[in-house]
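Since the structure comes first, as C-alpha cells, the remarks are kept for the end.
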Amino acid sequence: MEWPMARKLWNHTPALPLKTAPYWNWPLAPIRTVGHLMKSWKPYGTRFLFLAIACALYLCFSPDLETARTLSVGWVSEILIRNIALITIVAGGLHVVLWAKKLQGDEFKYFLRPMATNVRAFFFRDQVLDNILWSLVAVVFMTFWECLMWYAYANGIAAMITFETAPIWFLILIVLIPIEAGFHFYFFHRLLHVGKLYTWVHSWHHKNIQTGPWSGLAMHPAESFFLRADILWFFLIPAHPIHVLFLIMHSTIGAPTSHTGFERVKVGKSKWLEVGDFFHQLHHRFFDCNYGTDETPWDKWFGTFHDGTDAGNELIKERRSKIWLNPS
C-alpha cells in the first residue's frame, strides 16, 4: 500500500525537513551550535517561558527552606494547589483558545482530525474529559517529586548552590537541563514501547492520535510517576530549586504545550507564541518513530528519525517492512 504524500497528511507543518540539534554533529559545528542555542532561547519560545515560570514559582509561590525542613500537610498542599492551578491555566487556557473557542481556526494546526467523542477507550467516552482526569493525577506525582527536593534541600540531603556562590555552574545547568530532559525522555519513552510495558502502560497515552493541550499529561499513573524520576539527578549534583522547577516545567507544562496540535498560538494580530512540537506530533501519528526530542541524537543514530518529509515516510515504511520480514 502506498503512503499518502506529506502534504495530504498535514494541514500545517514547520519548515521541513526537521533537523536535530547540532551538538552531536561530527565534525563539530560550534557556529551552528551557538546559533541553535540562541534560537531555542528566543523570548517567544517555550524554553524561555519555562524558565520564567520556574523563577516566578520560586520567588512567589514556593515555601522557604525553613518551612520545608519539616514535612507538613500545610506547605505540601499549598504546592499541590499551586500546581493544579498552573496546569489548569496552561492546559485549560490553551484548550479554550485553540479547541473550544477555536480563536485561530485551523491556522498553524498540524492535523485536522477532531478530538474523540463517544469512544469507549476513553473514560466518560470523551477524550478531553479523560485527558483532564489523568492530567490532574499527574499533578499529584509532579508535586511528590517537587516536595521531595524541597525537603532534601532544607535538610542538607541534597547539595544546594546559589547564583552568588556558583554563578558559572548555575548558568551552565540552565543550558544543560533541556538536553538532559531530552535524554531521559528518549530512554524512558523507548522502554515504554517494548512488549507488556506498552500494552499495560504506555498505550493509555497513545489513545490520543489527535492531541490537544490536555493530552500531554494523560497517561497511566505508573508512567506519570517515573517520567519525572530524572529529578533524582539533583541528589548527585549541586543545584538550586530554580533548576529543579525548570526541569519539572519540561515534563509538566511542557507536555500541554508540545501536545497542543498547533505550531503557534497567535497573540494579537501579528505576534505569536511558538508552542508546537511537530517532532513529537509525528510520533503520535506514526507511533514507531521520533521517540525522543530534537535535542538528542538517538533517533537519528538508531534509525527511528522521521524528518516530516515524504522521504521520511518511506524510511519508516522500509524499516517496518524489514521488521515484518525478519521479526526475530
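Everything in the sequence shown is counted per our numbering, starting at 1098 for the first residue and increasing by one. From the three backbone atoms N, C-alpha and C, an ideal C-beta is built for every residue, glycine too. A quick note: this is a predicted structure, and the numbers were derived from the prediction, not measured.
How about residue i and residue j: do their beta carbons lie closer than 7 Å?
i: Cys1386; j: Thr1401; result: yes
i: Gly1309; j: Trp1196; result: yes
i: His1347; j: Gly1313; result: no
i: Leu1342; j: Tyr1207; result: no
i: Phe1205; j: Glu1411; result: no
i: Pro1275; j: Arg1417; result: no
i: Ile1350; j: Val1187; result: yes
i: Trp1107; j: Val1225; result: no
Just the C-alpha distance for residue i and residue j, rounded to the nearest angstrom, thanks.
i: Pro1119; j: Gln1378; result: 21 Å
i: Ile1345; j: Pro1124; result: 33 Å
i: Ala1103; j: Ala1251; result: Reliability fails at Ala1103, whose pLDDT of 48 lies under 50, so the model's placement of it is uncertain and no value is given.
i: Leu1273; j: Phe1280; result: 11 Å
i: Gly1132; j: Gly1373; result: 20 Å
i: Ile1150; j: Leu1268; result: 16 Å
i: Leu1324; j: Leu1245; result: 15 Å
i: Asn1122; j: Thr1393; result: 11 Å
i: Lys1414; j: His1290; result: 18 Å
i: Thr1167; j: Asp1396; result: 43 Å
i: Pro1101; j: Leu1200; result: Only weak support exists for where Pro1101 lies, its pLDDT of 43 falling under 50; the value from the coordinates is given anyway. Distance between the alpha carbons of Pro1101 and Leu1200 is about 30 Å.
i: Arg1217; j: Leu1233; result: 21 Å
i: Val1298; j: Cys1152; result: 33 Å
i: Asp1391; j: Thr1117; result: 4 Å
Using a Cβ-Cβ cutoff of less than 6 Å, which residues in the same chain neighbour residue i once the five nearest sequence positions on both sides are dropped?
i: Leu1329; result: none
i: Gly1142; result: Glu1371
i: Lys1105; result: none
Residues bridged to residue i by DSSP?
i: Lys1206; result: Phe1359
i: Trp1369; result: Lys1363
i: Met1257; result: Ala1336
Taking 7 Å as the limit between beta carbons, can you name the residues of its chain near residue i, skipping five residues before and five after?
i: Leu1270; result: Ala1336, His1340
i: Trp1138; result: Arg1144, Phe1145
i: Leu1115; result: Phe1375, Phe1376, Asp1391, Asp1404, Gly1405
Exercise for review: Any chance you could list the alpha helix (DSSP H) runs of at least 4 consecutive residues sitting entirely within the region 1210 to 1242, in chain order?
Suggested key: none
Point to revise | Minimum length 3: unbroken beta strand (DSSP E) runs contained in the region 1372 to 1416 | key: none
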